[in-house]
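Number of protein chains: 2
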Amino acid sequence: MRIGLLGCGTVGGGVLEICRKRVPSLEVVRILTLPGELDDPLVTHDASVLLDDPAIDCVVEAMGGDEPAHGFLVRALENGKSVVTANKAVVAAHFAEFMELAERHGAQFRIEATSGGGVPWVASIEKARRVDEVTSISGILNGTSNYLIDAMEREGVDFDAALREAQELGYAEADPSADIDGIDVRNKTIISATVAFDSLCRSAVPTLGIRRLTKGILDALAARGWSLRLLARARRAGERYAACVEPVVLSAQSVEAHVPRNFNLATLEGGTVGELKFYGQGAGALPTGNAIVQDLLDIEAGVSSRYATRETLAWDPSLLGAAYLFATKAPLGEAARELPGAGEAAGDASSRRLSVVFGLDPERAGELARAAAETDPETFVASFSPEAAASLEGLL
Amino acid sequence: MRIGLLGCGTVGGGVLEICRKRVPSLEVVRILTLPGELDDPLVTHDASVLLDDPAIDCVVEAMGGDEPAHGFLVRALENGKSVVTANKAVVAAHFAEFMELAERHGAQFRIEATSGGGVPWVASIEKARRVDEVTSISGILNGTSNYLIDAMEREGVDFDAALREAQELGYAEADPSADIDGIDVRNKTIISATVAFDSLCRSAVPTLGIRRLTKGILDALAARGWSLRLLARARRAGERYAACVEPVVLSAQSVEAHVPRNFNLATLEGGTVGELKFYGQGAGALPTGNAIVQDLLDIEAGVSSRYATRETLAWDPSLLGAAYLFATKAPLGEAARELPGAGEAAGDASSRRLSVVFGLDPERAGELARAAAETDPETFVASFSPEAAASLEGLL
Chain A
40 MRIGLLGCGT VGGGVLEICR KRVPSLEVVR ILTLPGELDD PLVTHDASVL
90 LDDPAIDCVV EAMGGDEPAH GFLVRALENG KSVVTANKAV VAAHFAEFME
140 LAERHGAQFR IEATSGGGVP WVASIEKARR VDEVTSISGI LNGTSNYLID
190 AMEREGVDFD AALREAQELG YAEADPSADI DGIDVRNKTI ISATVAFDSL
240 CRSAVPTLGI RRLTKGILDA LAARGWSLRL LARARRAGER YAACVEPVVL
290 SAQSVEAHVP RNFNLATLEG GTVGELKFYG QGAGALPTGN AIVQDLLDIE
340 AGVSSRYATR ETLAWDPSLL GAAYLFATKA PLGEAARELP GAGEAAGDAS
390 SRRLSVVFGL DPERAGELAR AAAETDPETF VASFSPEAAA SLEGLL
Chain B
40 MRIGLLGCGT VGGGVLEICR KRVPSLEVVR ILTLPGELDD PLVTHDASVL
90 LDDPAIDCVV EAMGGDEPAH GFLVRALENG KSVVTANKAV VAAHFAEFME
140 LAERHGAQFR IEATSGGGVP WVASIEKARR VDEVTSISGI LNGTSNYLID
190 AMEREGVDFD AALREAQELG YAEADPSADI DGIDVRNKTI ISATVAFDSL
240 CRSAVPTLGI RRLTKGILDA LAARGWSLRL LARARRAGER YAACVEPVVL
290 SAQSVEAHVP RNFNLATLEG GTVGELKFYG QGAGALPTGN AIVQDLLDIE
340 AGVSSRYATR ETLAWDPSLL GAAYLFATKA PLGEAARELP GAGEAAGDAS
390 SRRLSVVFGL DPERAGELAR AAAETDPETF VASFSPEAAA SLEGLL
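Residue numbers (the numbering used here), protein chains in the order written: chain A, 40 to 435; chain B, 40 to 435.
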């Protein structure tokens, strides 16, 4: 199969290396780069040379961002070429358009590398759906935020020190906003939920990040037998669904609480198979390149994937109802119950209290979080997993 | 696709339920049972009615044991029928024969349900091999032994109490030998290593079980930051390979140490994808039935799997070299170094000491274990994971 490669940075370079060293049937015949980026006879700086070449069967996109990636993928699909992309932002924003074009032009559109890097996550959801209705998905889908939380928990450093460490190791970007504010996970959640529930997931997915997480909060959680992770969460019940991204207080004994460094761990639940978890490297040249090559091999083998282009399920955030933890100086009203003995969280937040509010859902928790942040911009909010919530009873 | 079902106990019943409720294209048309086992118009007690019926495309075997299962599967393959089996014992004993018959008669032979129950483990190894050489596999592949260890660690009960609990819950059989002596894991290891390394794995795989594990040993490990699990282990390096089954001392912070109850967790390592882990229900009617139905769907979709029929790699147990823990009253010679402060393990073993022997491999550890067991039949032996071994230095 003859492949045109859009972008040859970290991920594109991984694809090139794997195809050349491991999978000779996948021949990269043209590479679009910026001038001066790569010295290779296949390089072009003119996208149309690649996108309009009738000898190219499949276009791999590893550029990232919305435009020009969006326009390039539209043109590739209109030219009847199959597309494999690692670009979660462009897929989350234009999923239905890409799928409709692929169907209209008899092309494949594959997205394994967008969500979970080298973890075989998208294909595993699709496989589970051959037999089961998938009723929930969740997981650690952002290696950067997991690295930060893990470093804070294991090394006892505060957020800023962990971030500097991650930036030095290349695990976090100079502007870490997309990772620590949950934007990256939101894109992956939109994609994963669309695949899992066979209904286009809305873009307005409630999202809370970890920017305001402190060592004092993690210490207070640890003292109560809890840990914390930034999770994608989505559930389906009958013809209703909901999805969100938020930090979740977990039992310190959970599998998720022991996912180290920048690894990912994603979970699905199906009616007959039960709970399945998938763990691996969520980023990096070779793991993400591997995911792209797996998609290329599926296209080569004639495996066909179709994803929903319409939101056929009804949005119902109450499906993700939970108790929520608030670390804030702002008053939360009568519904909030202070976590006893949480004065130790004051170590880094002076008069910030830890409180629990029961019976919220991600939308209502977000409203309360935004209101509190007007008084205290350092407000941090997380939900409780059912296991962690069960141990709340004895504490309050 | 028309299916004949051999055996309709737990797993066979799961297959029947999933096909009827979830996958109408898979039509079970004949069921072999023992007289009185099931009241269904499809039932026969005469295997040849099923195995020689030209209208049956595929035979599902969920009987277990060697004969008559072995003879039935040979006959099905000779009749050109594809075979899907959950029977790890018959596959581990006759893998090459089944594969040769399948190739000769143009049939498929699929084995997802033999190893890891509902965990998509065999298919995931095959998928990884499309791109990478798989260099190692390992994991918790026996839910019964994991349930016992987890109960001993979390509830603080001793082996016999945990075993009674597991038997009452149906997680352990009246005679638990196959599970606690590692025989079940050995069969799964032989199958998994054959798939992973594309070379038939020998049947003489060194095997140590957990029959002699005590609460005192687990307490002594926990005091040093360690946990323990019964693991399959196999490695490949170039044209050499080795495999074993043994209890492994792990860091208490490892993912494996937090696999609860009767769940399974299997790990593979590939050159580009890195480390992947797969977690789920390793047994039970619906999870194992799900794995069989996934195999049936692959056969229906024309997906072809071929497994090695010859041992093309050379056996080299030194690939699995490790430090080993011995809990025994027997003298171990000068190579053994006593674990300081391990007197607390005496709580249930009077004068049994905990010692470490460096530089062994599974075969030499097994020899030393058998020699020690002649003096002390209660001798328990486990290897150290590299992470746990790293923390040995500060202790000895």
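Idealized CB from N, CA, C, for every residue including glycine.
Keep in mind that this is a model prediction, so the values were computed, not measured.
- Put simply, the stretch 359-377 of chain B touches the stretch 409-418 of chain B. At least three CB pairs are less than 8 Å apart.
- Our two residues, A/A125 and A/N329, have alpha carbons roughly 11 Å apart in a direct line.
- Straight through space, the alpha carbons of A/E402 and A/L336 are spaced by roughly 40 Å.
- Here the stretch 297-310 of chain B makes no contact with the stretch 128-146 of chain B; the two share fewer than three CB pairs at distances below 8 Å.
- Scanning its chain for C-beta atoms nearer than 7 Å, with the 5 sequence neighbours on each side dropped, one finds around A/T327 the residues V50, G53, A125, A152, G156, G157, in chain order.
- The alpha helix (DSSP H) runs lying completely inside the stretch 226-281 of chain A and spanning 4 residues or more are 254-261, given in chain order.
- Comparing alpha-carbon positions, the option among A/F365, A/S175, A/H144, A/V332 lying closest to A/A281 turns out to be A/S175.
- Any Cβ of chain B closer than 8 Å to the Cβ of A/T311 would place that residue at the interface, and such an atom is present.
- Under the three-state reduction of DSSP, A/T351 is assigned to coil, being neither helix nor strand.
- Following the DSSP letters along the chain, one finds A/R392 in no alpha helix (DSSP H) but inside the beta strand (DSSP E) bounded by residues 392-399.
- Within the stretch 100-127 of chain A, no residue places its CB atom closer than 9 Å to a CB of chain B.
- It is roughly 13 Å from the alpha-carbon of A/N185 to the alpha-carbon of A/Q206.
- Inclusion of A/P286 and A/L247 in the CB contact set at 8 Å is warranted, their separation being smaller than that value.
- With a cutoff of 8 Å on beta-carbon distance, A/M40 and A/L71 are scored as not near each other.
- Its chain contains A167, V170, D171 as the residues whose beta carbon lies nearer than 8 Å to that of A/V312, once the 5 sequence neighbours on both sides are disregarded; these appear in chain order.
- Residue-level contact by beta carbon holds for B/L336 and chain A, with a gap shorter than 8 Å.
- Annotation: A/F236 has no Cβ neighbours in chain B at a cutoff of 8 Å; minimum Cβ distance is about 16 Å.
- Unbroken beta strand (DSSP E) runs of no fewer than 3 residues, entirely contained in the stretch 154-216 of chain A, are found at 173-179, following chain order.
- Only residues of its own chain outside the window of five on either side were considered, and among them S121, I338 have a CB closer than 6 Å to the CB of A/Q147, listed in chain order.
- Annotation for B/T327: the continuous alpha helix (DSSP H) segment containing it runs 324-339.
- Going by beta carbons, A/G48 and A/A86 fall outside the 8 Å limit.
- For B/I70, the pairing in a beta bridge is given by DSSP as B/L44, B/V82.
- Using beta-carbon distances, A/Y210 does not count as an interface residue toward chain B, since no partner is under 8 Å.
- Contact between A/S424 and A/V288 is confirmed by a C-beta separation of about 6 Å, below the 8 Å threshold.
- Taking C-alpha positions only, B/R241 is separated from A/S163 by approximately 31 Å.
- With respect to chain A, the C-beta atom of B/L325 has a partner C-beta closer than 8 Å.
- Non-local beta-carbon contacts of A/A322 in its own chain, meaning distances under 6 Å to residues more than five positions away in sequence, involve G156, G182 in chain order.
- Interface criterion met: the Cβ of A/N329 is under 8 Å from a Cβ in chain B.
- When the beta-carbon positions are compared, B/M191 and B/L269 stay at least 8 Å from each other.
- Residues of chain B with a Cβ closer than 9 Å to the Cβ of A/G319 are, in chain order, V312, G313, E314, L315, K316.
- Taking 8 Å as the CB threshold, B/K254 stays off the interface with chain A.
- Counting C-beta atoms within 10 angstroms of its own C-beta, A/P93 has fewer than 16 neighbours from the protein chains shown and is therefore classed as exposed.
- Under DSSP, B/L307 forms a beta bridge with B/I176, B/L315.
- Per DSSP, the continuous beta strand (DSSP E) segment holding B/V420 begins and ends at 419-423.
- The beta carbon of A/P159 falls within 8 Å of a beta carbon belonging to chain B, placing the residue at that interface.
- Excluding sequence positions up to five before and after A/L81, its CB lies within less than 6 Å of the CB of R69, I70, all in the same chain and listed in chain order.
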